[in-house]
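S.K.:
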Amino acid sequence: MKHKLILVSHHLCPYVQRAAISLAEKGVPFERIDIDLANKPDWFKAISPLGKVPLLRVQRDGEETVIFESAVILEFLEETQANPLHPADPYA
42 MKHKLILVSH HLCPYVQRAA ISLAEKGVPF ERIDIDLANK PDWFKAISPL GKVPLLRVQR
102 DGEETVIFES AVILEFLEET QANPLHPADP YA
């Protein structure tokens, strides 16, 4: 299953860094778009009801899903991408 992933971020947000590091460590290709949170673009306001970053735009089969919150983004990546960052056995 091939996805196009776009990480929408702000360069100083530590929560964005969690998602960016996870994507890099997993070797997942993605596009990163940094926005100015003091002057949010209209397209961002249209897809982010709370106006917060990070968010991950997942484009697949001509449709787009937007995933919010870094912990949820990390869980999505762990479940859908190769190279798990967590051991299969949590007690290993």
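Okay, so the sequence shown: first residue is 42 according to the working numbering, each after it adds one. For glycine and all other residues, C-beta sits at the position ideal for the given N, C-alpha and C.
Tell me the rounded alpha-carbon separation between residue 54 and residue 73.
M.R.: Working through the sequence shown from its first residue, we reach residue 54 at position 13. Working through the sequence shown from its first residue, we reach residue 73 at position 32. Cα to Cα, residue 54 sits roughly 13 angstroms from residue 73.
S.K.: If we count Cβ pairs, one from each stretch, closer than 8 angstroms, do we get three or more for the stretch 88-102 versus the stretch 56-76?
M.R.: At 8 angstroms Cβ cutoff, the stretches touch.
S.K.: Since residue 111 is in the alpha helix (DSSP H), which residue starts that stretch and which ends it?
M.R.: Sequence index remark: in the sequence shown, residue 111 carries index 70 (1-based). Run containing residue 111: 111-121, per the alpha helix (DSSP H) assignment.
S.K.: Check whether the Cβ atoms of residue 126 and residue 86 lie closer than 9 angstroms to each other.
M.R.: Reading the sequence shown from its first residue, position 85 is the one you call residue 126. Reading the sequence shown from its first residue, position 45 is the one you call residue 86. The answer is no: Cβ separation not under 9 angstroms.
S.K.: In angstroms with no decimal places, state the Cα-to-Cα distance between residue 65 and residue 82.
M.R.: For the purposes of this step, residue 65 is taken as the residue at position 24 of the sequence shown. For the purposes of this step, residue 82 is taken as the residue at position 41 of the sequence shown. Whole-angstrom Cα-Cα distance: 26 angstroms.
S.K.: List the endpoints of the continuous beta strand (DSSP E) containing residue 86.
M.R.: Position 45 of the sequence shown, counted from the first residue, corresponds to residue 86. Per DSSP, residue 86 belongs to no beta strand (DSSP E); it is in the alpha helix (DSSP H), 83-88.
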